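Residue numbers (my numbering): 4 to 131.
This report refers to the structure that appears directly beneath it.
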């Protein structure tokens with residue numbers, strides 16, 4: 004993943020997703036990381052959906068033509084970080100292992116669904 008501009012696409016309607024994505028250390032810890040709110044970027048979200056990546060099923064990490072989705076995207080981000088931020092350090096410990104990330108990630112999706120429901124937002128940004 005060296006040398007290319009990485010892009011993290013997250014659901015800005017979810018307070019947990021937003022807190023993770025906007026951590027300044029996340030941006031500072033991964034050079035050239037672009038962070039985009041997919042809930043508010045219809046063209047980007049629609050392009051990802053056409054390519055088989057539904058934002059309601061997880062964050063997306065892109066690096067050139069390579070795309071990772073959900074637990075795999077978060078696991079890759081966590082493996083690249085050396086966090087001092089307490090939240091990022093916790094997530095790094097939990098999600099840097101690909102196998103553990105795939106087991107734990109559904110819990111993050113459930114928390115996301117609950118948070119969006121409590122905010123009165125649709126779980127799927129395309130249903131807004």
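Just so you know, even glycine gets a beta-carbon here, dropped at the ideal spot from N, CA and C.
The model shown is predicted, which means the values in this text are computed figures rather than measured ones.
Find the nearest neighbour of residue i within the set the options, judged by alpha-carbon distance.
{"i": "residue 78", "options": "54, 88, 66 and 103", "result": "103"}
{"i": "residue 75", "options": "85, 99, 52 and 55", "result": "99"}
{"i": "residue 35", "options": "19, 65 and 13", "result": "65"}
Suppose you measure from the CA of residue i to the CA of residue j; what does that come to, to the nearest Å?
{"i": "residue 90", "j": "residue 24", "result": "11 Å"}
{"i": "residue 83", "j": "residue 122", "result": "32 Å"}
{"i": "residue 70", "j": "residue 125", "result": "24 Å"}
{"i": "residue 94", "j": "residue 111", "result": "11 Å"}
{"i": "residue 6", "j": "residue 29", "result": "Residue placement at residue 6 is poorly supported in this model, since its pLDDT is 47, which falls under 50; the coordinates are not used for a value here."}
{"i": "residue 18", "j": "residue 117", "result": "11 Å"}
{"i": "residue 88", "j": "residue 44", "result": "28 Å"}
{"i": "residue 120", "j": "residue 22", "result": "17 Å"}
So residue i and residue j are supposed to be a Cβ contact under 8 Å. How far apart are they, rounded?
{"i": "residue 16", "j": "residue 42", "result": "5 Å"}
{"i": "residue 101", "j": "residue 32", "result": "Contact doesn't hold; Cβ gap of about 19 Å is too wide."}
Within this structure, are the beta carbons of residue i and residue j separated by less than 8 Å?
{"i": "residue 80", "j": "residue 37", "result": "no"}
{"i": "residue 92", "j": "residue 11", "result": "no"}
{"i": "residue 40", "j": "residue 13", "result": "yes"}
{"i": "residue 67", "j": "residue 108", "result": "no"}
Report task. Indicate whether the contact test is met: 3 or more Cβ pairs, each with one atom in the stretch 41-61 and one in the stretch 117-129, closer than 8 Å. Result -> Contact holds: three or more Cβ-Cβ distances are below 8 Å.
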